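Below is one structure, written out as structure tokens; comments come after it.
Protein chains: 2
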Amino acid sequence: MTQISLARQSKITEEMNIVAIDEGIDPKKIRELISLGHVVIPKNINHHFSPKGIGKGLRTKINANIGTSMGHCDINEELDKLKIAILSGSDSVMDLSTAGDLYSIRKLIIENSNVMVGAVPIYAVFASLVSQNKELFDMTDDYLFDSIEEQCSQGIDYMTVHCGVTMKTYSMCDKSNRIAGIVSRGGALIAAWMHHHKKENPLYEYYDRLLDIAFKYDVTLSLGDGLRPGSIADATDAAQIEELIVLGDLTRRARARGVQVMIEGPGHVPLNQIQANIIIQKRLCDEAPFYVLGPLTTDCAPGYDHITSAIGGAIASAHGADFLCYVTPAEHLCLPTVEDVRLGVIAAKIAAHSGDIAKGIHNSLDRDIKMSQFRKDLDWEGMYKMAIDPELPKKRRQDTEKKVCTMCGKLCAIDIHNKMVK
Amino acid sequence: MTQISLARQSKITEEMNIVAIDEGIDPKKIRELISLGHVVIPKNINHHFSPKGIGKGLRTKINANIGTSMGHCDINEELDKLKIAILSGSDSVMDLSTAGDLYSIRKLIIENSNVMVGAVPIYAVFASLVSQNKELFDMTDDYLFDSIEEQCSQGIDYMTVHCGVTMKTYSMCDKSNRIAGIVSRGGALIAAWMHHHKKENPLYEYYDRLLDIAFKYDVTLSLGDGLRPGSIADATDAAQIEELIVLGDLTRRARARGVQVMIEGPGHVPLNQIQANIIIQKRLCDEAPFYVLGPLTTDCAPGYDHITSAIGGAIASAHGADFLCYVTPAEHLCLPTVEDVRLGVIAAKIAAHSGDIAKGIHNSLDRDIKMSQFRKDLDWEGMYKMAIDPELPKKRRQDTEKKVCTMCGKLCAIDIHNKMVK
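Chains as they are written, first to last, in my numbering: chain C, 1 to 422; chain D, 1 to 422.
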């Protein structure tokens with residue numbers, strides 16, 4: 001039984017209670033939101049950890065992508081990334097490994113993670129074909145679904161599946177004047193397979209087979225946006241919206257089968273189109289949780305895309321996005337380092353928290369009020385405690401024995417004002 | 001004669017022509033915007049450089065604060081900050097020095113700057129009193145205005161003056177339930193002086209004297225928000241808005257006297273209140289250019305406030321803010337280093353450009369389209385050229401002889417899709 005099917009039977013599970021306590025919300029309300037599909041609890045029956053909820057009325061959660069690549073494969077480094085991501089406050093990691101012993105890497109990451117673990121099963125499918133010197137086109141339907149089931153049985157809590165890349169949607173993308181074409185790895189791989197075989201996407205055609213596997217392990221589907229824009233000039237085009245319409249239908253089918261589902265979103269989006277993207281997704285997908293990748297508000301800042309995505313992510317969260325995939329400074333350039341992972345998580349946390357304050361999430365302002373009170377009192381230890389990263393401010397402070405800082409010294413506004421009102 | 005008074009006489013000055021070319025806008029339109037006060041060209045008659053415009057319909061400009069402090073005073077380091085700020089693309093610097101030989105430091109910065117230079121004259125006033133072991137309260141009206149005139153005669157292009165901290169507005173602030181009180185250095189200093197002497201703010205009481213000096217050198221007034229919120233919980237409160245009403249009146253008086261004027265804004269503002277702050281400022285101050293400090297969308301990220309302010313700055317710019325004051329990673333902790341200045345400028349540029357795309361500034365999307373085309377072609381040299389910082393992406397790229405990057409390797413979406421559509 002899955003969380004959504006239990007919720008529909010009016011059962012409040014242990015997981016729902018944990019989420020209720022974490023969010024400060026009545027467990028009955030959590031159960032109701034899960035039964036409606038407005039909230040999901042990604043937790044595989046084979047992965048044992050304290051879960052979190054994602055969706056309407058809950059704190060915005062963040063995810064950190066980790067995993068080996070064919071250009072850089074070091075499992076210990078990836079485990080270090082896992083560690084730093086969790087330590088820095090990530091609510092989730094995705095294992096996107098495409099090199100090395102993928103089964104063992106996935107096993108290690110799931111075993112070592114006390115946060116939800118996601119995967120994009122098609123990566124492992126194609127990566128293993130490549131490692132066997134086979135072509136992408138050699139994938140069969142059974143090979144695909146067997147690999148998905150294997151990954152689910154290992155304990156992944158949610159999986160990105162690019163079911164919305166159909167003959168129709170990808171032909172709309174190819175016929176359009178898109179600048180960047182398809183930039184989703186999974187989307188491009190599936191589209192290439194479909195193009196070669198002149199066949200429909202098996203993840204779409206045999207969607208029920210996918211639902212059966214997801215139901216069995218209570219793996220949450222994260223319906224991927226294979227046709228997401230890869231340039232802000234391509235954002236919110238017909239192909240992207242057509243895919244979203246397909247994902248809306250698939251959302252309803254998943255819910256009917258008792259499978260939890262969330263929707264993935266762009267990508268590269270100009271600031272003034274972000275709100276519209278959230279409104280459209282919530283409407284077309286019946287309020288399914290929205291998991292956005294960025295979005296980046298300009299294409300021109302490689303090396304600093306954690307900042308660009310913090311801008312887009314904060315706005316998305318403020319308007320109702322529920323789950324932010326971090327972007328690291330390495331995006332568009334290379335596989336992220338451990339330090340990139342840390343910086344990506346912190347930037348995403350700033351975005352998520354800024355959005356939570358804006359959308360009025362329960363108690364989200366409390367931390368800022370406490371921080372401001374410590375600031376007013378020039379209480380540095382208090383400030384460190386309230387900081388998203390307590391270590392860096394401590395390191396940066398010079399003359400730590402002094403009450404004021406080196407920015408203003410004797411002309412400290414707070415000190416002057418405190419003395420005045422005494 | 002000032003730019004605004006010449007514009008009103010239907011004269012198109014050399015400065016207006018330079019701005020028109022820079023922005024790709026008809027010089028007649030620029031003249032009109034200046035005559036209305038919707039655009040300013042901060043340029044002192046004694047500072048010789050190629051000026052930029054700030055205001056309605058123009059690209060969002062950014063400013064980098066530099067300057068010595070009592071806790072850290074090294075003029076060569078400040079000149080290095082000036083250099084890196086300009087090199088990284090800042091449109092302006094403010095000399096906020098409060099330690100050392102302030103006259104000579106200001107002279108050096110103005111001489112070495114080919115971008116507009118701003119100052120907060122009251123800092124030098126109070127800093128020199130402190131250096132003479134005098135009290136803040138020893139400031140006289142003549143001492144204040146003589147120092148302002150001296151600074152203007154040296155060639156500063158615009159000056160922050162906290163004229164809106166009046167007996168009425170600061171009493172509203174003190175009586176309120178503000179968490180952080182007054183956090184503007186200039187505002188706190190002026191308020192302390194007023195509190196001690198039980199006298200009105202001389203910058204308000206003798207505003208005409210200030211206008212005469214500003215007119216003489218065509219120094220643009222930047223009406224400071226001395227009562228800006230220093231905690232997001234304090235944002236958009238009555239004291240802040242009352243001060244803005246005062247600044248609206250002072251805007252009209254400045255324009256009537258032929259003095260260019262812009263308005264400074266918060267500060268610490270929750271994401272969902274930023275747009276309202278811009279609308280209110282534009283309405284109350286008759287479309288005067290808006291110069292925002294951040295804003296920060298959470299108080300909880302010391303060490304990363306360049307990211308937090310990029311979020312707020314991008315949204316502010318998108319909704320009509322014209323000029324962004326950068327915030328560095330050192331904010332709330334210590335005087336910024338040269339590297340902090342560089343990171344602050346880049347974050348502010350990302351914010352300004354994201355906002356420009358959103359508000360539809362002429363040609364602003366072109367760069368992103370070019371970047372995306374280079375990305376689609378896997379043309380790395382082209383990408384570096386379009387990057388806000390071309391150096392870092394080059395350094396970060398591993399295996400630079402390869403076409404794809406270490407993130408995806410053989411599973412590069414762009415490469416797969418390009419081959420498919422060939």
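Beta carbons: idealized from backbone N, C-alpha and C, even for Gly.
For clarity, every value in this text was computed on a predicted model and none was experimentally measured.
Host beta strand (DSSP E) of residue i (start-end)
i: Glu264(D); result: 261 to 265
i: Val93(D); result: 92 to 95
i: Ala301(C); result: First-last for Ala301(C): undefined, no H or E at that position.
i: Leu82(D); result: Counting along the chain, Leu82(D) falls outside any beta strand (DSSP E), though it belongs to the alpha helix (DSSP H) covering 75 to 87.
Proximal chain C residues relative to residue i, where beta-carbon distance stays under 7 Å
i: Asp174(D); result: Val421
i: Asp142(D); result: Residues of chain C passing the Cβ test: none, with the nearest at roughly 22 Å.
Within chain D, the residues that residue i reaches when beta carbons sit closer than 8 Å
i: Phe469(C); result: Missing from the structure shown is residue 469(C); chain C here goes from 1 to 422 and no further.
i: Leu203(C); result: Near Leu203(C) there are no residues of chain D at all, since even the closest Cβ is about 17 Å away, more than 8 Å.
i: Val292(C); result: Ordered by position in chain D, no residue passes the 8 Å Cβ test against Val292(C), which lies about 15 Å from the chain.
i: His47(C); result: Here the premise fails: no neighbours, minimum Cβ distance about 26 Å.
i: Val130(C); result: Lys410, Leu411
Per DSSP, the bridge partner or partners of residue i
i: Thr159(D); result: Here residue 159(D) turns out to be Met, not Thr, going by the sequence shown. Answer by DSSP bridge pairing, in chain order: Ala119(D), Leu221(D).
i: His268(C); result: Leu296(C)
i: Ile62(D); result: Leu324(D)
i: Ile12(D); result: In the DSSP output, where bridge partners are listed per residue, Ile12(D) has none listed.
i: Val421(C); result: Answer is none; Val421(C) lacks a bridge partner.
i: Gly55(D); result: Val39(D)
i: Ser5(C); result: Partner(s): none; Ser5(C) has no beta bridge.
i: Glu290(D); result: Contrary to the premise, residue 290(D) reads as Phe rather than Glu in this sequence. The partner list for Phe290(D) (beta bridge, DSSP) reads Ile263(D).
i: Ser69(C); result: His72(C)
Chain D contact residues for residue i, given Cβ-Cβ distances below 9 Å
i: Gly224(C); result: Within chain D, no residue comes near Gly224(C); the closest Cβ sits about 12 Å away, beyond 9 Å.
i: Ile416(C); result: Leu136, Ile182, Arg185, Ala188, Leu189, Ala191, Ala192
i: His38(C); result: Residues of chain D passing the Cβ test: none, with the nearest at roughly 21 Å.
i: His195(C); result: Met420, Val421
Residue i, enclosing alpha helix (DSSP H) - first and last residue
i: Lys441(D); result: In this structure chain D extends from 1 to 422, so residue 441(D) is not present and cannot be described.
i: Met167(D); result: 167 to 175
i: Glu391(C); result: 391 to 396
i: Asn277(C); result: 274 to 284
i: Gln151(D); result: 141 to 154
i: Gln373(C); result: 366 to 376
i: Asp340(C); result: 338 to 358
i: Arg252(C); result: 238 to 256
i: Glu331(D); result: That residue, Glu331(D), is in no alpha helix (DSSP H); it is neither H nor E in DSSP.
i: Thr406(C); result: No alpha helix (DSSP H) holds Thr406(C); DSSP gives it neither H nor E.
i: His195(C); result: 185 to 197
i: Ala316(C); result: 305 to 318
i: Tyr384(D); result: 380 to 386
i: Glu205(D); result: 202 to 205
Chain C contact residues for residue i, given Cβ-Cβ distances below 8 Å
i: Thr236(D); result: The contacting residues do not exist; Thr236(D) stays about 13 Å from chain C at best.
i: Tyr123(D); result: Leu411
i: Gly355(D); result: Leu271
Chain-ordered neighbours of residue i on chain D, where CB pairs are closer than 7 Å
i: Lys376(C); result: Ile179, Ala180, Gly181
i: Cys449(C); result: Residue 449(C) lies beyond the residue range present for chain C, which begins at 1 and ends at 422; the question has no answer from this structure.
Under 9 Å by beta carbon: chain C residues contacting residue i
i: Gln373(D); result: Ile179, Ala180, Ser231
i: Asp322(D); result: Those within 9 Å of Asp322(D) in chain C number zero; the least Cβ separation is about 16 Å.
i: Cys425(D); result: In this structure chain D extends from 1 to 422, so residue 425(D) is not present and cannot be described.
Review point. For the segment 357 to 371 of chain C, which residues have a beta carbon sitting closer than 7 Å to at least one beta carbon of chain D?
Key: Ile357, Ala358, Leu365, Arg367, Asp368, Ile369, Met371
Exercise for review: Pair every Cβ in the segment 274 to 290 of chain C with every Cβ in the segment 327 to 336 of chain C, then say whether three or more of these pairs are closer than 8 Å.
Suggested key: Contact between the segment 274 to 290 of chain C and the segment 327 to 336 of chain C is absent, because fewer than three Cβ pairs lie under 8 Å.
Check your understanding: Just by C-beta distance, which residues in the segment 96 to 120 of chain C are closer than 8 Å to chain D?
Key -> Cβ contacts with chain D: Thr98, Ala99.
Review point. Can you find at least 3 beta carbon pairs, one from the segment 11 to 28 of chain C and one from the segment 70 to 89 of chain C, that sit closer than 8 Å?
Key: no
Practice item. Would you check if the segment 182 to 201 of chain D and the segment 4 to 22 of chain D touch, i.e. whether three or more CB-CB distances between them fall below 8 Å? Key: Output reads no: the segment 182 to 201 of chain D does not touch the segment 4 to 22 of chain D.
Exercise for review: Would you list, in chain order, the members of the segment 301 to 314 of chain C that have their beta-carbon closer than 7 Å to a beta-carbon of chain D?
Suggested key: Ala301, Pro302, Gly303, Tyr304, Ile307, Thr308, Ala310, Ile311, Ala314
Point to revise | Positions along the segment 266 to 277 of chain D whose CB lies within less than 7 Å of some CB in chain C | key: Of all residues in the segment 266 to 277 of chain D, Pro270, Leu271, Asn272 have a Cβ within less than 7 Å of some Cβ in chain C.
Practice item. Check each residue of the segment 384 to 400 of chain D: if its Cβ is closer than 7 Å to any Cβ of chain C, include it; give the result in chain order. Key: Those would be Met386, Ala387, Ile388, Asp389, Leu392, Pro393, Arg396, Arg397, Gln398, Asp399, in chain order.
Review point. Taking one C-beta from the segment 334 to 350 of chain D and one from the segment 58 to 66 of chain D each time, how about it: are there three or more such pairs within less than 8 Å?
Key: yes
Exercise for review: Could you please tell me which residues of the segment 72 to 85 of chain D, in chain order, have their CB closer than 7 Å to any CB of chain C?
Suggested key: Using a CB distance below 7 Å, the part of the segment 72 to 85 of chain D facing chain C consists of His72, ordered along the chain.
Review point. Between the segment 334 to 346 of chain D and chain C, which residues of the former have CB atoms less than 7 Å from a CB of the latter, in chain order?
Key: Cys334, Leu335, Ile346
**Study point:** Stretch pair the segment 46 to 55 of chain C + the segment 150 to 160 of chain C: three plus CB contacts closer than 8 Å
**Key:** Because the criterion of three Cβ pairs below 8 Å is met, the segment 46 to 55 of chain C and the segment 150 to 160 of chain C touch.
Review point. Does the pairing of the segment 69 to 81 of chain C with the segment 24 to 42 of chain C give three or more beta-carbon distances under 8 Å?
Key: no
Review point. Are the segment 230 to 249 of chain D and the segment 368 to 377 of chain C touching, with three or more C-beta to C-beta distances below 8 Å?
Key: yes
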